[in-house]
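This report refers to the structure that appears directly beneath it.
In the working numbering, the protein residues as written are 667 to 822.
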């Protein structure tokens with residue numbers, strides 16, 4: 667019997683992620699952002715003045731991706747770059763007043779998206795889903811899956 671990928675958890679997770687990104691894009695476009703850019707602003711809101719490498723690590727993306735995002739957000743007036751006071755080779759990224767003010771609007775968009783995504787779910791199911799997703803993230807992030815030798819029947 668062929669593997670029914672449409673019933674697999676990973677397929678459903680991928681589909682949910684695509685739907686989430688699309689819906690997030692709709693909300694974020696209303697405030698002049700693209701998906702992913704809001705995360706840069708939120709990270710800097712929590713810890714302003716990070717280096718490009720620190721941002722790349724926090725976002726789990728490659729440095730060129732961060733460079734592009736920071737360049738675009740700087741052009742919009744939400745961020746500014748400055749040379750590090752201790753190491754001139756490093757560039758630090760800071761929120762502008764406009765970027766800091768936008769974070770409250772981002773929070774409202776995230777809350778709206780959260781309500782939409784989890785509509786009809788009970789609180790206990792939301793908590794369980796959050797826990798399960800953290801475990802999937804941990805498993806995939808640690809590459810544990812490469813070390814597990816599953817039998818074909820176990821993978822279904």
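For every residue, glycine included, the Cβ atom is placed at its ideal position computed from N, Cα and C.
Sixteen is the threshold: since fewer than 16 other Cβ atoms of the shown chains lie within 10 Å of the Cβ of residue 806, the residue is exposed. Between the stretch 682–691 and the stretch 726–734 there are fewer than three C-beta pairs closer than 8 Å, too few to call the two in contact. Residues 686 of the same chain have their beta carbon placed closer than 7 Å to that of residue 783, with the five preceding and five following residues left out of the count. Annotation for residue 677: the continuous alpha helix (DSSP H) segment containing it runs 675–695. Along the stretch 719–786, the alpha helix (DSSP H) occurs as fully enclosed runs of 4 or more residues at 729–741 and 763–783, listed in sequence order. The beta-bridge partner set that DSSP reports for residue 716 consists of 759. Residue 744 sits close to residue 768, with the two beta carbons spaced by under 8 Å.
Counting C-beta atoms within 10 angstroms of its own C-beta, residue 761 has 16 or more neighbours from the protein chains shown and is therefore classed as buried. By the neighbour-count criterion, in which a residue is buried when 16 or more other Cβ atoms sit within 10 angstroms of its Cβ, residue 675 is exposed.
Judged by DSSP in its simplified three-state form, residue 704 adopts helix. Our two residues, residue 747 and residue 737, have alpha carbons roughly 9 Å apart in a direct line.
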